[in-house]
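**Student:**
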Amino acid sequence: MRILVLNSGSSSLKYRLYERDAWTVLVDGVIGRIGEAAGDARHRWRDADGTVHERHETTPVPDHEAALRRLTDRLDAQGALGGLEAIGHRVVHGGERFHCPVRIDAAVIEAIREVIPLAPLHNPANLEGIEVAQRLFAGVPQVAVFDTAFHQTLPQAAWRYALPDALYTQHGIRRYGFHGISHAYVTRAAAQWLGRPLETLALVSLHLGNGASAAAVLEGRCVETSMGMTPLEGLVMGTRSGDLDPAVPLFLQREGGMDAEAVDHLLNHESGLKGLCGTNDLREVHRRIAAGDAAARQALEVYCHRIRKYVGAYAAVLGRLDALIFTAGVGENDTEVRRHVCQGLDILGIRLDAQRNATPSGGIRRISADDSRVDVLVVPTDEEREIARATAELLDSDK
Ligand code: ADP
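Okay, so the sequence shown: first residue is 52 according to our numbering, each after it adds one.
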C-alpha cells in the first residue's frame, strides 16, 4: 500500500510517494514556480530494479490544480498510483483545535480556514492543495498533519503572553509553536536510538534550518517551544530576527517612517543572519569568517548565544536533561555551530567529543563525550516520513 505526502506552498508543491511496508520512497519531487512564466519541476523516481531517475521540467504551471495534474500524470506514467491508500497533507497552522492528525472533511477544512489570519501565507496554500487533491483523488482518504499540533501540550504558563485576556479570547493571540512535525520525529527517533522509552526522557530538540526553533519535551509531551503566535519568535534564523523587544517594531513605525508591511518584511526577510552579516547561509557565514569578516563572526556569535540561552532555559523548565538533539540543515551539518552552542554547558552536564562532532555520518549519531551526563545527538529530520507515518497510524486506528 502507498501513501502520498503533499506539502503545498504558495508557489510550490512538494510531494513524496511511499511504499508503506518498508517506507521506501518511490517517487518524490517539487513542482516550483507555480504561476510564473517558466516552471521549475524536479521529479525523481526509482525503477523496480532500484535505479534512480531524475527529470527536470520547465513547462509553465499556472496554478495548484495544474501542478497536481502534472503530478498525477507523472505518477501514472511510473505506474505508481496503484494501491494509493491515503494522502497526508502538511498544514502549517491548526490553531487550538488540532492536537493530532485528522481525517479531512468539510468541518476540518472550515477550521483550517478559520485560522488563516494566524497564518495568512501558509494556510491558504495548504488548503488549495487539499481541495485540489480532493477533486483529483476523490475517494482516497486525506489526512491533515499540523505543524502546530505537537505543541498543543504546552502548559498555559508557557503558551500565554502577558497581555489582556481579551486578546487571547477574542483574537487567539497566544503562543502556538511550529516545526512540530520535525520535533515529533526527531524526539521519537532519538528515544528509539537510545533504546529508552520516550515516556521516560527529558529532551531538548534544536531544529536549526533556515527557520529555527527549540522544543523542550518531557516524557513525550512538548512543554516549551521557542516559536510563538507566528514563526518569528525565538531563535535567530536565516532571515528572521527571532526574539526582540516588542518596542522595536513600534519605534520603527513611529521614528523610522515604516508601515506595518515594511516592518513585517524587515523582521521576516531582512533580519537574522542575513541582517547581521548579509547572508542567511551558514556555509557562507563560515567562508566569510575564514576571510576575516568581522560582521560574519559577530553574526555567528549572536546566533549561537541565543541557542545556548534557550538550552539553559529549557533545562530549567524540564528540571533535568537526558539528551540534546541537533537537527535540520544547520543542526545536522554544522560542526562549528554545535561546538559553539555546547561550549561552556558543562554546568548542564553537556560535554562534546570534538572528534565525534567533526565526523559526518548519514544517520543518527552521538557527538557527546563518554563522560557527558547528557547525550548530545545529531538526528537527521524527515518531516515527510513523519507525515506519512502519522497518516498511516490514523488510518489504522480508524479501521
Ligand atoms: P529549511 O528551513 O528551508 O527546510 P534546511 O533545514 O534545509 O532549511 O536548512 C537550510 C540551511 O541549512 C541553509 O540555509 C544553510 O544555512 C544550512 N546548511 C545546509 N547545509 C549546510 C552545511 N553543510 N553546513 C552548514 N550549514 C548548512
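Ideal Cβ positions, reconstructed from N, Cα and C, are used throughout, including at glycine. It should be emphasised that the depicted structure is a prediction, and the values quoted were computed from it without experimental measurement.
State yes or no: is the C-beta of M278 within less than 7 Å of the C-beta of G228?
**Tutor:** Sequence index remark: in the sequence shown, residue 278 carries index 227 (1-based). Sequence index remark: in the sequence shown, residue 228 carries index 177 (1-based). Contact: yes.
**Student:** Taking DSSP's pairing of strands, which residues face D79 in a bridge?
**Tutor:** Residue 79 sits at position 28 when you count from the first residue of the sequence shown. According to DSSP, which records beta bridges pairwise, D79 is partnered with R67 and R95.
**Student:** Helix, strand or coil for R211, going by three-state DSSP, please let me know.
**Tutor:** Position 160 of the sequence shown, counted from the first residue, corresponds to residue 211. Residue state, collapsed to three classes: coil.
**Student:** Hey, A266 and H234 are a contact pair by Cβ (cut 8 Å); roughly how many whole angstroms apart?
**Tutor:** Locating residue 266 in the sequence shown gives position 215, where the first residue counts as 1. Locating residue 234 in the sequence shown gives position 183, where the first residue counts as 1. Indeed they touch by this definition, with Cβ atoms about 4 Å apart.
**Student:** Please enumerate, following chain order, all residues with a beta carbon closer than 5 Å to at least one heavy atom belonging to the ligand GDP.
**Tutor:** Within the structure as shown, the ligand GDP is missing, the only ligands being the ligand ADP.
**Student:** Report the option in I418, R357 and G395 whose CA atom is closest to the CA atom of F377.
**Tutor:** Against the sequence shown, residue 377 aligns to sequence position 326. The shortest C-alpha separation from F377 is found at I418.
**Student:** Under 7 Å Cβ to Cβ from M288, same chain only, skipping five residues before and after it: list those, please.
**Tutor:** Position 237 of the sequence shown, counted from the first residue, corresponds to residue 288. Contacts found: N261, G262, A263 and G323.
**Student:** How far does the alpha helix (DSSP H) with T199 in it extend, from its first residue to its last?
**Tutor:** By 1-based counting over the sequence shown, the position of residue 199 is 148. No alpha helix (DSSP H) holds T199; DSSP gives it neither H nor E.
**Student:** Are A213 and H140 closer than 7 Å when you measure CB to CB?
**Tutor:** As a first step, residue 213 must be located in the sequence shown, where it is residue number 162. As a first step, residue 140 must be located in the sequence shown, where it is residue number 89. Not closer than 7 Å, so no.
**Student:** Decide if R124 is buried, meaning its Cβ has at least 16 other Cβ atoms within 10 Å, or exposed.
**Tutor:** The sequence position of residue 124 within the sequence shown is 73, counting from 1. Looking at the sequence provided, one finds Asp at residue 124 rather than Arg. Counting Cβ neighbours within 10 Å, D124 comes out exposed, since fewer than 16 surround it.
**Student:** Can you give me the start and stop residues for the alpha helix (DSSP H) that A241 sits inside?
**Tutor:** Residue mapping note: residue 241 aligns to position 190 of the sequence shown, counting from 1. From DSSP, the alpha helix (DSSP H) with A241 extends over G231 to L245.
**Student:** Locate the alpha helix (DSSP H) running through A265, then write down its first and last residues.
**Tutor:** Within the sequence shown, residue 265 is the residue found at index 214, counting from 1. A265 -> not in any alpha helix (DSSP H); beta strand (DSSP E) instead, spanning A263 to L269.
**Student:** Going by the beta-carbon positions, is the gap between V425 and L375 smaller than 7 Å?
**Tutor:** Position 374 of the sequence shown, counted from the first residue, corresponds to residue 425. Position 324 of the sequence shown, counted from the first residue, corresponds to residue 375. For V425 and L375, yes; Cβs fall inside 7 Å.
**Student:** Is it a yes or a no for the stretch 142-157 touching the stretch 196-204, going by three-plus beta-carbon pairs under 8 Å?
**Tutor:** Counting Cβ pairs under 8 Å, three or more are found: they touch.
**Student:** Which same chain residues, not among the five before or five after E434, have their C-beta less than 6 Å away from its C-beta?
**Tutor:** Against the sequence shown, residue 434 aligns to sequence position 383. Here the set comprises I232 and S233.
**Student:** By DSSP's criteria, H258 is part of a beta bridge. Which residues make up the other side?
**Tutor:** The residue labelled residue 258 in the question sits at position 207 within the sequence shown. Its beta-bridge partners are S264 and T378.
**Student:** If we call anything under 7 Å between Cβ atoms a contact, is V314 one with L327?
**Tutor:** By 1-based counting over the sequence shown, the position of residue 314 is 263. By 1-based counting over the sequence shown, the position of residue 327 is 276. In this structure, L327 does not lie closer than 7 Å to V314 by Cβ.
**Student:** Taking the alpha helix (DSSP H) that R148 falls in, what are its first and last residues?
**Tutor:** The residue you call residue 148 lines up with position 97 of the sequence shown. Where R148 is concerned, there is no enclosing alpha helix (DSSP H), given that its DSSP letter is neither H nor E.
**Student:** Just verifying my parser: in three-state terms, what is the DSSP assignment at S448?
**Tutor:** On the sequence shown, residue 448 is found 397 positions in, with the first residue counted as 1. Three-state result, S448: helix.
**Student:** Just verifying my parser: in three-state terms, what is the DSSP assignment at E383?
**Tutor:** The residue labelled residue 383 in the question sits at position 332 within the sequence shown. If DSSP states are grouped into helix, strand and coil, E383 belongs with the helices.
**Student:** Using alpha carbons as the reference points, say which of V388, E352, L77 and Y66 lies closest to G83.
**Tutor:** Along the sequence shown, one-based indexing puts residue 83 at 32. Closest by alpha carbon: Y66.
**Student:** Rounded to whole angstroms, what is the Cα-Cα separation between A89 and R106?
**Tutor:** Within the sequence shown, the letter at position 38 stands for residue 89. Within the sequence shown, the letter at position 55 stands for residue 106. Distance between the alpha carbons of A89 and R106: 16 Å.
**Student:** Which first and last residues belong to the alpha helix (DSSP H) in which N177 is found?
**Tutor:** One-based indexing of the sequence shown puts residue 177 at position 126. It spans H173 to L187 - the alpha helix (DSSP H) in which N177 sits, taken as one unbroken run.
**Student:** Since I believe R53 is in contact with L64 (beta carbons under 8 Å), could you give me their beta-carbon distance rounded to a whole number of angstroms?
**Tutor:** The residue labelled residue 64 in the question sits at position 13 within the sequence shown. The residue labelled residue 53 in the question sits at position 2 within the sequence shown. Contact doesn't hold; Cβ gap of about 18 Å is too wide.
**Student:** Name the one or two DSSP bridge partners that I138 has.
**Tutor:** One-based indexing of the sequence shown puts residue 138 at position 87. According to DSSP, I138 bridges with L55 and Q193.
**Student:** DSSP state of D426, grouped into three classes?
**Tutor:** Taking the sequence shown and counting its residues from 1, the one referred to as residue 426 is at position 375. Three-state result, D426: strand.
**Student:** Quick test of your reading: M280 and R225, contact by CB under 8 Å. State the CB separation rounded to the nearest angstrom.
**Tutor:** Translated into the one-based positions of the sequence shown, residue 280 becomes position 229. Translated into the one-based positions of the sequence shown, residue 225 becomes position 174. About 6 Å separates the two Cβ atoms, so the contact holds.
**Student:** With DSSP as the reference, label L403 as helix, strand or coil.
**Tutor:** Position 352 of the sequence shown holds residue 403. Strand at L403.
**Student:** Indicate the three-state DSSP secondary structure (helix, strand or coil) for E105 in the structure shown.
**Tutor:** Here the question's residue 105 lines up with position 54 in the sequence shown. In this structure, E105 counts as strand in the three-state DSSP scheme.
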